[in-house]
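The structure appears below as structure tokens.
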Amino acid sequence: MLISSFAKATEMTTDTVRFYVRLGLLKPETTSKGGRHPYMIFSEKDLDRAMKISILQSLGYALREIAPLLEQDAAGILTPERSKELLAEQLAKLVDKRDHLDRMIAYVESKIESLNDVNLQPPDFRDYVGQRK
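Just so we're aligned: 42 in the UniProt record's numbering is position 42 of the sequence shown, and the numbers increase by one with no gaps anywhere.
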């Protein structure tokens, strides 16, 4: 399928698809049609790879972290044990982010409360931030 159909099927913009191709995350076949800008032909394998990219991004992985994971997966060297380790590491990062967000929410709620009651002292941001990892 051509880039416009692929973008629609993956719910990505054509610019995003081109960006992923430039980064080497997606590797479509190319044709001689199109002159200086050859047509890119995407396969079912590319659709599967795009789905994996989307999932990994939603789990908080950066594109620079995703590329080697995709290569290991394609080479068949990403074992279930290694996948489990990687997911456990990512889970710990997500829990840290959630804890930080919980502290920020508590701060904002306190700030709103102090603004509602002019007799209250405004909360000290440092009481909510803590040390971030």
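Idealized CB from N, CA, C, for every residue including glycine. It should be emphasised that the depicted structure is a prediction, and the values quoted were computed from it without experimental measurement.
Inset, instruction - Under the assumption that Ser46 contacts Pro28 (Cβ atoms under 8 angstroms), give the Cβ distance between them as a whole number of angstroms. - result: The displayed chain sequence assigns Asp, not Ser, to residue 46. About 6 angstroms; that satisfies the 8 angstroms criterion.
Inset, instruction - Starting from His100, follow the alpha helix (DSSP H) in both directions and report where the run begins and ends. - result: 80 to 116
Inset, instruction - Can you check DSSP and say which residues form a bridge with Glu29? - result: Ile41
Legend entry - Beta-carbon proximity check, Leu25 vs Ile53, cutoff 9 angstroms: yes
Inset, instruction - Would you mind sorting Lys133 into buried or exposed? The rule is 16 or more other CB atoms within 10 Å of its CB. - result: The predicted position of Lys133 is uncertain, since its pLDDT is 47 and thus under 50; a value taken from the coordinates is nonetheless stated next. Classification for Lys133: exposed.
Inset, instruction - Could you tell me whether the Cβ atoms of Ala50 and Phe6 are closer together than 9 angstroms? - result: yes
Legend entry - CA nearest to the CA of Leu87, picked from Phe125, Leu56, Leu70: Leu56
Inset, instruction - Compute the Euclidean distance between the alpha carbons of Glu89 and Asp117, then round it to the nearest angstrom. - result: 43 angstroms
Inset, instruction - Quick one: residues in its chain with C-beta nearer than 6 angstroms to the C-beta of Tyr128, no 5 flanking neighbours on either side, listed in chain order? - result: Arg103, Ala106, Tyr107
Legend entry - Asp15: first and last residue of the uninterrupted alpha helix (DSSP H) it sits in: 14 to 23
Legend entry - Three-state class that DSSP yields for Ile53 in the structure shown: helix
Legend entry - Whole-angstrom distance between Arg18 and Glu44, CA atom to CA atom: 17 angstroms
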